[in-house]
Structures are given as C-alpha cells and as structure tokens.
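Here the structure is laid out as structure tokens; the discussion comes afterwards.
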Amino acid sequence: MGRTVVTGIGVVAPSGIGAEQHWSCTLRGELRVSPIERFDATRYGTTLAGQVPDFRPEDFVDDRLQVQTDRWTWLALAQARLALDDAGYDPTTVDPYQTAVILGSGSGGNEFGQREIGALWNRGPRSVTPYQSIAWFYAASTGQLSIRHGTKGPSGVIVSDAAGGLDSLGHARRVIRRGTPTVLAGGAEAPLSPYALACQVTTGRLTRAPDPRDGYKPFDVRANGYAPGEGGAVLVLEDAEAAARRGSPAYGEVAGYAATHDAHHHQRPAPDARQYARAMCLAIADAGLTPDDVDLVVADGAGSPDLDRLEAQAIHRTFGERAAWVPVTAPQGLLGRLCSGGAPLNVATALLAIRDGLAPPTGNLDNPDPAHRLDLVRGTPRRMPVHVVLVVARGHGGFNSAVVVRRHSEGEDRP
Amino acid sequence: VTARRRSGITGIGVVAPGGTNRKEFWRLLTSGRTATRRISLFDPSAFRSQIAAECDFDPVAAGLTVREVHRLDRFIQFALVAADEAVEDSGLDLDLVADRTAVCMGSAVGATTRLEDEYVLVSDRGREWLVDPRYATSFLYDALVPSSLATELACRFHAHGPAMVVSTGCTSGLDAVGQAHQLIADGEADVVVTGAADAPISPISMACFDAIRATTARNDDPGGASRPFDAGRDGFVMGEGAAVLVVESLEHARRRGAEVYAEILGYANRCNAYHMTGLRPDGVEMAAAITAALDEARLDPTAVSYVNAHGSGTRQNDRHETAAVKLSLGEHAYRVPMSSIKSMVGHSLGAIGSIEVAACAFAIEHGVVPPTANWERRDPDCDLDYVPKTARELPVDVALSVGSGFGGFQSAILLGRPGPAARGEG
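Those protein sequence lines, which keep their order, are chains W and P.
Using this note's numbering, read the first sequence as starting at 123 and increasing by one per residue.
Using this note's numbering, read the second sequence as starting at -14 and increasing by one per residue.
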C-alpha cells in the first residue's frame, strides 16, 4: 500500500503559535501551565491550565465568522492555515475532491454552548442565536475548515477522547489509501470554559495544586493529576507519491497505526495494561517494524500515579528488557493535556525530533518515579539519531491508540 | 492492490419512535403510520416547533439496570438496548473474538440533554452559574465527551478492537456504518458493533433548530407534520432513537454459518464546502458520493432497486437530494422508488442514518419498500417516485441510502442482497 507522509505542521498550543515556537519552547523546557486567566476558577478545585499565549483570533478568523464559531474552531482554523502554509499546499488550486478534513473532536464548542444554554434558561428560546446550531456540535470545526479551504473530499470527525487525535490520523490514512491524496488531520480542544472545567473536575484526574511547578508532573514521584490545556495541532497528511510529485519535502511518514479499547470499566483503566500494550505492538507491526527499531517513545503521560504506572507497564510489555533503556518523553508536562489536540501535537513533536535529531525532555519532571524503570528524557534535550518514534495516547474510558512515525527518505516515492 | 475483505450485516437492533425493537419498527414502517406527536418530554409551549417523534422507552423494562439509567444519558440508553438486540440477533459470542471486535458508533449531539439538565441544576435554573459544583452528577465528564457511547458498548461486549464515535452531524449514523465497513475491508477488525444513537428532544436542541427555522411549525397537525418531498413541507420533525448493527466480514460470517441480512457493497462521503447549513440546489457533491459508492460496488446506476432518501422534509434538502439522485442515477432516477422514513419516525439527527440502513436491510430481507407518509402534492422540483403513503412489495437486490448534514457532509451507502457470490467469496 502507498505510504502516507506529513508535509505540513500547524501548531496552536500553550507552547506557541507555529511549529517553530512550539519546538523551541519544548526544547527549552519552558513551563506553560499557569493559573487560569479567562475566568475566576477558584471554586472548581483546579486552577491551573495550559493556555495559548497571545492568540489573536482576528489574525486567522474574520469578525463575521468569529461571531458564528467557538474558540475551539478558531484554534482549528488557525492550525489548518499554518499547516497548509507550511506544506506549501493550497487546496483551492487543485480538484476540490482531492483534499479532505478529518479531525479528532473531544468536547465541541464548549464556551458557545454554555452561553446559549444560559440564554435559553434565562431569557427563553427566542434568545438562542441561530449560530448555536452550527457552532457547538462536534463536527463544527471540520465543516468550517472544509468550507474555508474548499475541500470536498471524504471528511470525517472521530471522537475517542484524548486518543481521538491519533485516530484521526489513522482514519486519514484509510482515506488516503482509498484515493484522496491529501488530508488535513489532527485536532484542537478548547476546554477552558467554566462549564467544561466543571465537567472535567468530576473525573478526579485533575491536579489541585495551586503552583504550576507542583501541578501536572507526568512520571514524577509527585504526580498528582493533570492540568487541562487548549489547542493542538493540525497536520497535512499526503500520499507520498503525490507529495513527491509536488516536490514537497516530508517531515516523516505515518508508518503505523493501531487502536484498542480496555473494555474494562467506563471510568477506570484496565489494571493489566494488556490492551494498551497491544495497541503499541500492533502499531509497530503495522509499520513493518519491531520494538527494537523504535528510537523514542512519546508517552501519554497522564500524570496520575496509577495511570503513569500502567503506561510504564504497557511500555515494559511492549519492549521487554529494552523498556529500561528506550528513551521515553512526555513534553506535554509543560503544556497540560489538550484532550484530542494533545496527541497530534505529540506527533508534530516526534517529527521535529526526527528532523533535528533531538529528543525533547519530559515536561515538569523533577524526580522520576524509580518504580517505572523507564529511561525518561529529563532536563535538557538529548542529542541522538531519531529514525522511528512511537507516539501513544489514551482516552478516558479505556481508549488506547498508537502511531509510529518514521524518517522519510526523499526519492523513495518518486513516481 | 490487495483485495479488500467484504462485509455484511448479521445482527440488527432498533429503538425508534413507534417501535422499540426491530420487529415493531419494521411493522410501523410498512404500515405507513406516523410516530410524530406533540412533545411530551418537556413543555414545548414557548417553542416555535412543538412536535417530535418520541420513543416510548422504558429503559428498565428494556433490560437496563437502575444504576445504568441513573448514570447514562438517554442516547446511550437507546444504544445499549439496541445493541443487546443486535448482538443477540447475530448469534455471535463476542468473547470469542474480543480482540478482533471493534466499536464504531455515530452520534451527532451526544449527551446534550444530560449536559443541559446538569447545567440547569448547577445554575439554579440558569439564574446563577455554578451555585455549587457539587450539585452536578459525578458522571458529568462522561456526558461532556460523546466518546462515552463507544466506551459503554465496548465494555458491555468486551470488545477490545478499535473503538470510536463518528460525529459528522446528521450523517454520523451512515458514516459510522461506512467506516465499520472500511475497518473490515482493511482487516482492522473481523466484527464491528456499529450504528448510531441520538436523543435530542430537549429545550436547547429544539431552540437551536427553531432559531434557523429548520424544524416544522405545523403544530396543529402532529401526525402530518413530517412531509418529505410533498409540496407543503415546511421543515423537519425532530426524532430520537438508535440502531445498532453487527457488521462482520463475510468470511467470518460464513465460517460460523450466520445469516446475513445484507452485504455492504460500497460507501462514500463528500463535503460541499459551501455552507454550514445551506445546500446548493444542484446536489453535485451528494451525486459524487453516490457515484463513488457505486464505483466501489462496481455497479451500474440501473442496479439500484430502492433509494432510501435523506428526505428530511425541509424545502432545500428535498430539492437538493432529488437533483443529486437524478445527477447520479440518470434516467433510472425516474424509475427507482425512493422514500423517506423520516415521514414516520422523524429526524433523529445522527441516529437516523443507521436506522435507515436497518430499514434498507429489512427492505432487502422482506422484499418490501417503506413508503413516504404524508406525501400528497407534487412539488415541481421533486418529481420522482416517492412511494406515497403505502408500502410497496418489490424485490430489492440493491438499496442505496443517502444522508446530508450540517457542515456540508454528504454520504451514500449501498447494501445488497447476500447472494451465492457473497457466500462463496470473502
């Protein structure tokens, strides 16, 4: 089957706007989790989050469209624009059916939805804006991206909580293999509105620490829950031959993908990590590789002691003895967990690690929990050849997804 | 290119207005009766559209525990009941194929009803946001993320394969089945529990369609309010429900000697890249989806024996869709019967796509095409054979079901009678 490569990266995340801002923040290990600024969060139990600094929606979305859409869609529109610019690809210059949009979607247009429910219950049905019908539902961003960029290909919206961003890449690959050469895939999340935060705290998985340095600390002995965050990444995925025909360089290949479900309990993860490990193994096998070929693991890093332990267990199941020395990182410790936006951002990070031969450090990690027996990248970036990266993600309820990205040799796919 | 594996439907469960299991559902469709009525789930007096197709659904009588009812939004309750029926119907012991069983479910609006109810609780009926966060249920995150639907089904059937919710608005249910078909085709699973569920008869959902006048205002005539393709149509009637299908690789079904309702012959979707709610009258993108599905099935347009329409009953949709069918099927469009079951069971947003696929499977099984209820007067822009009012006996070898939704999504799926060929290969 044809290969799928990534030719464009569009990041809007707490680490910055654009892939290079994200990458330099990640390499510097600059903590971007901070007290929530957009509303008074003191009564929610969780006051920390990863917020996109200096995001000006007007740079990407005109006034008229801003009124019709949620912040979640603004972030996605910005990511898509950056990704297309990066790829040097403009869907409006080719057959409109040659491009599709497939996004992971976690919770939809939260701020917009809350405002309209409030309007309905305070002032009655007539006070609900007509845009409610198109702004909050889970397909809103995908639809808007398709309209903005004139794409008529087989678009999709995949929801599997925080695993959904990887599942969108998996589905994009299915679509590319069926003959649509280019897909915008990935996702954004905007969960930092009052009602959405109230929903998130009910899981008991969020940090309650007031100081960002004490908050989200994946794999640390002091792991105590995560900070939510906004943003994510949209990637341009292309059939490798089509990209080569365009003369477009590729960051790397989406070489393997797999997903499993714990099917254990609607809120608690399976205690044996068997299915999580199976997703990792299947993705590596799907890439035609073995665990020995993996140079770096970008972990889910949920930041709770039990979930971190299960992830370490899954890595041990997958890599056997090598688990103790395959480098593992979770740079999102700097940014918070971005639900369906988080994993595509980690894929972007993995591709940049391949490009520069640098493994970025785990975010906000002071004292790795020795019980995990993992070689966590800490402190400063580790210079090393990076050819193959395993990126994994879990979603609330038991979703496990894994993607393998691999260095792409130019010329391999010249027609 | 390696040959793709073929897939078929081996189990069906339905919770729909007027029929909360598959037999009652099919009986309603073939009777031509309508299940639309004045809304009883809340007081609709302040709303422009006060009609819906509601399910007479008793979750405990249908087999759910009191704890499940307490924990889960109505849309997931529908899905669980429909899934129990579908899995039992398939005769599969899913524990034997756990790692190879996927869950791929559609929903357009997820647990909005629950989210609204809880909002009302924590805000003193909207008067003051967050009176006390502790008033909220501890399952609030499960309501925030519609992925809970896939989780609940995976847990219920111990399905360890890929799990996801497809949420492409009003084509979610059709797209979920189409993606299930792709998961089988690509060898990612042998069995997929698929389908869709939605329970959007709530104040916020009704208000949001009121605001754009997409729903009917024919409040004095609930039974006649959903009038797809009729000259007097004035908007859709909100519905609710779920259909769950067990989709299986034909080879897997044959090995265990399972009955196959229908083979999934082809699926495709496109976007109109035009407008979030508006449709260009020419129907070009829906036609492109139909043509692509026919290409996958390697079928000529004349092979289609029945078209199950999206037929929502809005002015623009029915015109758009009629044009799309003419564009893709050519002269055959005038000969092939085309009906909308939304005339009877309303438009349950994401769920309806799967409910319609179930209807197509039954049409193939029974050789009966359901009618378009309430069709009385011809619209010059809608001049096809819409099977008015009465079901029609007709051998159905190939059924085409189409969907169209906000965001510009256009989808088409083809189901075929499982012939000897379907049993012989795989």
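No residue lacks a Cβ here, since even glycine has one placed at the ideal position from N, Cα and C.
Bear in mind that the values here come from a model prediction, so they are computed numbers and not experimental data.
For W:I256, the chain P residues whose Cβ falls inside 8 angstroms of its Cβ are M261, T262, F391, G392, in order along the chain. Neighbours of P:E225 in chain W, taken as residues whose beta carbon is under 9 angstroms from its own, are absent, since the nearest beta carbon is some 16 angstroms off. The Cβ atoms of P:C89 and P:V(-1) lie no closer than 8 angstroms to each other. Under DSSP, P:M223 forms a beta bridge with P:A37, P:H332. At a cut-off of 8 angstroms between beta-carbon atoms, P:T136 makes contact with chain W.
In the DSSP assignment, P:S75 falls within the alpha helix (DSSP H) that extends over 59 to 75. As computed with DSSP, P:R23 is found in a beta bridge with P:I36. When C-beta distances to chain P are compared with 8 angstroms, the residues of the segment 317 to 335 of chain W below that value are Y317, A318, A320, C321, Q322, V323, T324, T325, in chain order. The bridge partners DSSP lists for P:C256 are P:F394. Residue range 262 to 271 is occupied by the alpha helix (DSSP H) that includes W:I269. Among the residues of chain P, those whose CB is under 7 angstroms from the CB of W:P252 are A196, I197, following chain order. Residues are counted here when their Cβ sits less than 8 angstroms from a Cβ of chain P; for the segment 258 to 287 of chain W these are F259, Y260, A261, A262, T264, G265, Q266, S268, I269, H271, G272, T273, K274, G275, P276, S277, G278, V279, I280, V281, S282, D283, G286, given in chain order. P:P380 counts as exposed, since fewer than 16 other beta carbons sit within 10 angstroms of its beta carbon.
Within chain W, no residue has its CB atom less than 7 angstroms from the CB of P:N204, the nearest being about 14 angstroms off.
When DSSP reads this structure, W:P371 sits in no beta bridge, so it has no partner. Closest option to P:L230, judged by alpha-carbon separation, among P:A184, P:S75, P:L284: P:S75.
Under the rule that a run must span 3 or more residues, the beta strand (DSSP E) segments found entirely inside the segment 75 to 129 of chain P read 86 to 91. Judged by their CB atoms, W:S290 and W:G226 are nearer to each other than the 8 angstroms cut-off. For W:A320, the uninterrupted alpha helix (DSSP H) segment begins and ends at 316 to 323. According to the DSSP secondary-structure assignment, W:H144 is paired through a beta bridge with no residue. Note on geometry: alpha-carbon atoms of P:H351 and W:H518 lie some 42 angstroms from one another. Taking C-alpha positions only, P:A170 is separated from P:G251 by approximately 11 angstroms. According to the DSSP secondary-structure assignment, W:T304 is paired through a beta bridge with W:T221, W:E360. Within chain W, the residues A261, T264, S277, G278, V279 have their CB atoms less than 8 angstroms from the CB of P:T153, given in chain order. Among the CB atoms of chain P, one or more fall inside 8 angstroms of the CB of W:F521. Taking CB atoms only, W:A385 has a neighbour in chain P less than 8 angstroms away. With its beta carbon at least 8 angstroms from every one in chain P, W:H144 lies outside the interface. Excluding five sequence positions before and after P:L106, the CB atoms of its chain that fall closer than 6 angstroms to its own CB belong to Y120, given in chain order. Our two residues, P:A135 and W:A285, have alpha carbons roughly 13 angstroms apart in a direct line.
In this structure, the beta-carbon distance from P:P185 to P:M149 does not fall below 8 angstroms. Residue pairing by DSSP places P:N293 opposite P:S324, P:S386 in a beta bridge.
Where P:S16 is concerned, the enclosing alpha helix (DSSP H) starts and stops at 7 to 16.
By the criterion of a C-beta distance shorter than 8 angstroms, P:I61 is surrounded in its chain by A96, S133, L134, E137, A182, once the five residues flanking it on both sides are discounted. Within the DSSP secondary-structure output, P:C367 pairs in a beta bridge with P:D364. Less than 8 angstroms separates the beta-carbon of P:S333 from that of P:E225. Taking a C-beta distance under 8 angstroms as the contact criterion, W:L432 and W:G354 do not qualify as a contact pair.
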